[in-house]
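Counting in UniProt numbering, the final residue of the sequence shown is number 231, and the numbers go up one at a time with none missing.
Quick notes on the structure that follows.
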Amino acid sequence: MTPATQYRMFDLVQWLPADAADAFARRVKRRQYQAGQLIYAQGDEGAEMYRIVSGHVRMLARTEEGREVVFLRFGPGDCFGVSSLIDDAPRPHTAEAASAVEMEVLSRRDCNELRSEYRGFDAGLLQLMSRMMRYSSGLFRELSLGGIEQRIALRILQGVEAASKAAPRDGPGELALSQSEIALMVGASRQTVNRILNRMQDAGIIATEYNNIVVKDMTGLRGLAVSAPDD
């Protein structure tokens, strides 16, 4: 990796020394999933971890009543499925392909061997888990204190910034995200999401296309994400 390499927020490789990163690359196997395909279900035994090469994966939590919430959406470079390899507990959520996905897959056995052979790999896993914990704390704060408009603005901002970090580009930020997915992320109805997105579009902050959001005013979006009126 060169100093100019751009990493996703949850890319384990960014914390690995060169020898551990090379060993990780040698151990992983490539696997593909189709859009909508289940990767693992909440409650399953965890036998492997994943790093996305292309496409997107959504993390869902389901209640006993069947209510579903999308709390995280991973993109290229992001790693997930790590916690069950560390604590041997069942999967805490469901992972599903949001698009056609190609991933690098590391088995529990290979993960344990890398942890034993490379201190830097074990330290990298700690960094990854720490970042995930901090992100989860932010989500809890968002759901507890923020209004719907603020939650929507935050989700769009986080998605655009993550995509921009992984693949820097000039011009407006874009995010491939449907209104239905946003509704699941913020715990609101699709109708409410549609109304708020239209309001943001009328204000010149975003432009909406089919399953795609273009950010026209990043400053305005950040302002909404920090403090927005309840809908």
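We put the CB at the ideal spot given by N, CA and C, even for glycine.
Do you know whose CA, among Gly147, Gln37, Ser130, Ala21, lies nearest Met9's CA? Here residue 9 is taken as the residue at index 9 of the sequence shown, counted from 1. The shortest Cα separation from Met9 among Gly147, Gln37, Ser130, Ala21 belongs to Ser130.
For Gln139 and Glu45, I'd like the C-alpha separation in whole angstroms. What you label residue 139 is simply residue 139 of the sequence shown in a count that begins at 1. What you label residue 45 is simply residue 45 of the sequence shown in a count that begins at 1. The identity of residue 139 in the sequence shown is Leu, whereas the question assumes Gln. Cα to Cα, the separation comes out at about 25 Å.
Are the Cβ atoms of Gly43 and Pro76 separated by less than 9 Å? What you label residue 43 is simply residue 43 of the sequence shown in a count that begins at 1. What you label residue 76 is simply residue 76 of the sequence shown in a count that begins at 1. Cβ atoms of Gly43 and Pro76: not closer than 9 Å.
Just confirm the distance between the C-beta atoms of Gly187 and Ala203, as a whole number of angstroms; I'd bet it's less than 8 Å. The residue labelled residue 187 in the question sits at position 187 within the sequence shown. The residue labelled residue 203 in the question sits at position 203 within the sequence shown. Actually they are not in contact, since the Cβ atoms of Gly187 and Ala203 sit about 23 Å apart, beyond 8 Å.
Mind checking Val226: buried by the 16 CB within 10 Å criterion, or exposed? For the purposes of this step, residue 226 is identified with residue 226 of the sequence shown, where counting begins at 1. So Val226 counts as exposed.
Quick test of your reading: Ile39 and Ala97, contact by CB under 8 Å. State the CB separation rounded to the nearest angstrom. Against the sequence shown, residue 39 aligns to sequence position 39. Against the sequence shown, residue 97 aligns to sequence position 97. With a Cβ gap of about 6 Å, Ile39 and Ala97 count as contacting.
Compare the C-alpha of Ala47 against each of Phe24, Arg27, Ile86, Asp78 and name the closest. Along the sequence shown, one-based indexing puts residue 47 at 47. Closest by alpha carbon: Ile86.
Can you tell me which of His93, Arg151, Ile182 puts its alpha carbon nearest to the alpha carbon of Phe80? Here residue 80 corresponds to residue number 80 of the sequence shown, with the count starting at 1. Out of His93, Arg151, Ile182, His93 has the C-alpha closest to the C-alpha of Phe80.
Helix, strand or coil at Ala207 [DSSP, three-state]: For the purposes of this step, residue 207 is taken as residue 207 along the sequence shown, with counting starting at 1. In the structure shown, Ala207 sits in a strand (DSSP, three-state: E or B).
Unbroken alpha helix (DSSP H) run spanning Thr179, endpoints: Along the sequence shown, read from residue 1 onward, the residue named residue 179 stands at position 179. Checking the displayed sequence, the identity of residue 179 turns out to be Gln instead of Thr. Note, Gln179: alpha helix (DSSP H), 179-186.
Below 8 Å on the Cβ atoms is my guess for Glu104 versus Tyr33; work out the distance and round it to an integer in Å. To locate residue 104, count along the sequence shown from 1; it is residue 104. To locate residue 33, count along the sequence shown from 1; it is residue 33. The pair is not a contact, with the Cβ atoms about 13 Å apart (cut-off 8 Å).
Between which two residues does the alpha helix (DSSP H) harbouring Phe24 extend? For the purposes of this step, residue 24 is taken as residue 24 along the sequence shown, with counting starting at 1. Counting along the chain, the alpha helix (DSSP H) containing Phe24 begins and ends at 18-27.
Rounded separation between Thr2 and Ala23 - CA only: In the sequence shown, counting from the first residue as 1, residue 2 sits at position 2. In the sequence shown, counting from the first residue as 1, residue 23 sits at position 23. With a pLDDT of only 39 at Thr2, under 50, the local geometry of the prediction cannot be trusted, and the value read off the model is given with reservation. Going from the Cα of Thr2 to the Cα of Ala23 covers about 17 Å.
Among the residues of its own chain, which have a CB less than 6 Å from the CB of Glu102, if the five just before and after it don't count? The sequence position of residue 102 within the sequence shown is 102, counting from 1. Excluding sequence neighbours, Glu102 sits near Gln32, Val53, Ser54.
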